[in-house]
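What follows is a set of notes on a single structure, which appears directly below.
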Amino acid sequence: MKILLTAAACVLSTSAWAEVPRVVTDIAPVQSLVAQIMQGVGTPDLIVPPAASPHDHAMRPSEARDLANANIVIWMGPTLTPWLEGSIGALAPNATHLALQDHADTVLPFREGAQFEAHEHEAHEHADEPAEEFDPHMWLDPTNAQAWVTKITAVLIAQDPENKEKYLKNSAEATQSLNVLDTQIQQQLTPYKERPFVVFHDAFHYFEARYDVEAAGAISGSNAQAPSPRRLREIEHVIEKSGAVCVFTEPQFNSGIVDAVSGKVRVGTIDPIGFNLPVDHKMYWKMLQNIADGFEACLSD
0 MKILLTAAAC VLSTSAWAEV PRVVTDIAPV QSLVAQIMQG VGTPDLIVPP AASPHDHAMR
60 PSEARDLANA NIVIWMGPTL TPWLEGSIGA LAPNATHLAL QDHADTVLPF REGAQFEAHE
120 HEAHEHADEP AEEFDPHMWL DPTNAQAWVT KITAVLIAQD PENKEKYLKN SAEATQSLNV
180 LDTQIQQQLT PYKERPFVVF HDAFHYFEAR YDVEAAGAIS GSNAQAPSPR RLREIEHVIE
240 KSGAVCVFTE PQFNSGIVDA VSGKVRVGTI DPIGFNLPVD HKMYWKMLQN IADGFEACLS
300 D
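Position 296 of the sequence shown, counting from 1, maps to 295 under numbering that gives the first Met the number 0, and the rest follow consecutively.
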């Protein structure tokens with residue numbers, strides 16, 4: 000009888016676990032948001048490691064297996080990771096697909112060239128332009144994350160109603176902590192709104208727009224491709240013309256390029272993807288705070 004009861008318990012345990020959706024995410028900030036909502040229920044898998052570029056990552060076999068086994072795929076969308084769209088269709092055609100770029104409150108256009116026009120932060124309604132014209136780095140505005148938390152929670156509950164209360168509790172905590180962090184960063188960066196700076200990679204448009212700090216230009220474009228010699232000459236002119244007080248590098252890219260153009264201008268580091276952070280439910284919040292701290296450290300007197 001004891002053996003039968005133990006076997007029955009194992010079956011019930013396996014059955015209960017099987018009801019939890021297998022969730023796959025594309026980048027670490029998205030994984031972190033989903034992990035926060037799934038706390039106490041399960042852990043989402045990650046396709047693109049923080050050390051890899053989401054623009055052109057080649058999936059490893061283990062990542063492809065995770066995608067093939069997914070019940071839910073939550074990703075930024077084809078504007079950020081166009082290579083992933085075909086893989087989702089081929090490996091996870093029956094999974095629920097949630098492209099977060101389709102559910103953002105704030106959507107900003109690409110910025111062209113090495114030098115940015117002043118106040119080029121105007122948001123557009125998502126339906127007005129094709130997706131490929133939008134800057135895909137939408138996770139760097141926490142108001143977008145708040146909208147996504149609501150949508151992600153609804154998708155999880157639809158597939159796993161047994162854990163509805165846990166998802167709702169975690170979602171409420173995520174929203175509250177995002178509001179607190181947003182307010183803190185607003186206050187932290189208010190003194191630096193007029194300080195010109197240059198970024199390595201045009202990934203921070205959403206963060207700049209949210210907190211009213213404005214880059215004068217970028218060494219590399221939004222897709223993080225290596226800058227041409229002409230663009231490097233242009234950015235040197237931008238640094239001089241704007242009176243930039245800081246040139247920002249990123250930990251996953253070649254800092255030598257920044258050193259070559261920055262001259263005597265201070266160099267700081269900001270990270271839009273969580274390169275040096277543990278991939279967990281706290282990572283998204285730490286990443287935004289680290290960006291704010293990086294801005295303050297480099298833009299302050």
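All C-beta atoms, glycine included, are put in the ideal place defined by N, C-alpha and C.
(request) Look at the alpha carbon of A153 and the alpha carbon of N275, and state the distance between them as a whole number of angstroms. (result) On the sequence shown, residue 153 is found 154 positions in, with the first residue counted as 1. On the sequence shown, residue 275 is found 276 positions in, with the first residue counted as 1. Rounded to the nearest angstrom, the two C-alpha atoms are 31 Å apart.
(message) In whole angstroms, give me the CA-to-CA distance for W138 and S61.
(response) If you number the sequence shown from 1, residue 138 lands on position 139. If you number the sequence shown from 1, residue 61 lands on position 62. One C-alpha to the other measures close to 26 Å.
(request) Go to R110, then tell me how far its beta strand (DSSP E) extends in each direction, as first and last residue. (result) The residue labelled residue 110 in the question sits at position 111 within the sequence shown. DSSP places R110 in no beta strand (DSSP E); its state is neither H nor E.
(request) Could you say which of V19, D44 and G220 lies nearest to H280 if we only look at CA atoms? (result) On the sequence shown, residue 280 is found 281 positions in, with the first residue counted as 1. Looking at the Cα atoms, D44 is the closest of the given residues.
(message) Rounded to whole angstroms, what is the Cα-Cα separation between Y191 and V246?
(response) As a first step, residue 191 must be located in the sequence shown, where it is residue number 192. As a first step, residue 246 must be located in the sequence shown, where it is residue number 247. Rounded to the nearest angstrom, the two C-alpha atoms are 14 Å apart.
(message) Applying the 10 Å Cβ sphere with the 16-neighbour rule, what's the burial state of N68?
(response) Residue numbering aside, residue 68 sits at position 69 when the sequence shown is read from its first letter. Per the 10 Å Cβ criterion, exposed.
(message) Using CA atoms only, rank isn't needed, just tell me which of E84, R59, R230 and A27 is closest to T42.
(response) Here residue 42 refers to the residue found at position 43 of the sequence shown. If we check each option's Cα against that of T42, A27 comes out closest.
(request) Evaluate the contact criterion for the region 68-85 versus the region 105-116: three or more CB pairs, one atom per stretch, below 8 Å. (result) No: fewer than three Cβ pairs fall under 8 Å.
(message) Tell me whether the region 231-238 and the region 161-171 touch, counting them as touching only if at least three CB pairs, one residue from each stretch, are closer than 8 Å.
(response) no
(request) Tell me whether the beta-carbon of R301 lies closer than 8 Å to the beta-carbon of D140. (result) With the chain covering 0 to 300 only, the question about residue 301 has no answer from this structure.
(message) Within 8 Å, do at least three Cβ pairs link the region 245-262 to the region 142-158?
(response) no
(message) Tell me which residues share the same chain as G76 and place their Cβ nearer than 6 Å to its Cβ, disregarding the 5 neighbours each side in the sequence.
(response) In the sequence shown, residue 76 corresponds to position 77, counting from 1. If we look at G76 and ignore the five residues flanking it on each side, its Cβ neighbours are A98 and Q100.
(message) Here's a check: name, in chain order, each residue in its chain whose Cβ is nearer than 6 Å to the Cβ of A215, leaving out the five neighbours to either side.
(response) In the sequence shown, counting from the first residue as 1, residue 215 sits at position 216. Only P195, V197, V237, S241 and A243 meet the Cβ criterion.
(request) Could you pull out every residue in the same chain whose Cβ sits closer than 6 Å to the Cβ of Y283, ignoring the five residues on either side in sequence? (result) The sequence position of residue 283 within the sequence shown is 284, counting from 1. Excluding sequence neighbours, Y283 sits near P28, S31 and L32.
(message) Per the DSSP calculation, S303 is bridged to which residue(s)?
(response) Residue 303 lies beyond the range of the chain shown here (0 to 300); nothing can be said about it.
(message) For L79 and H54, I'd like the C-alpha separation in whole angstroms.
(response) Reading the sequence shown from its first residue, position 80 is the one you call residue 79. Reading the sequence shown from its first residue, position 55 is the one you call residue 54. Their Cα atoms are separated by approximately 6 Å.
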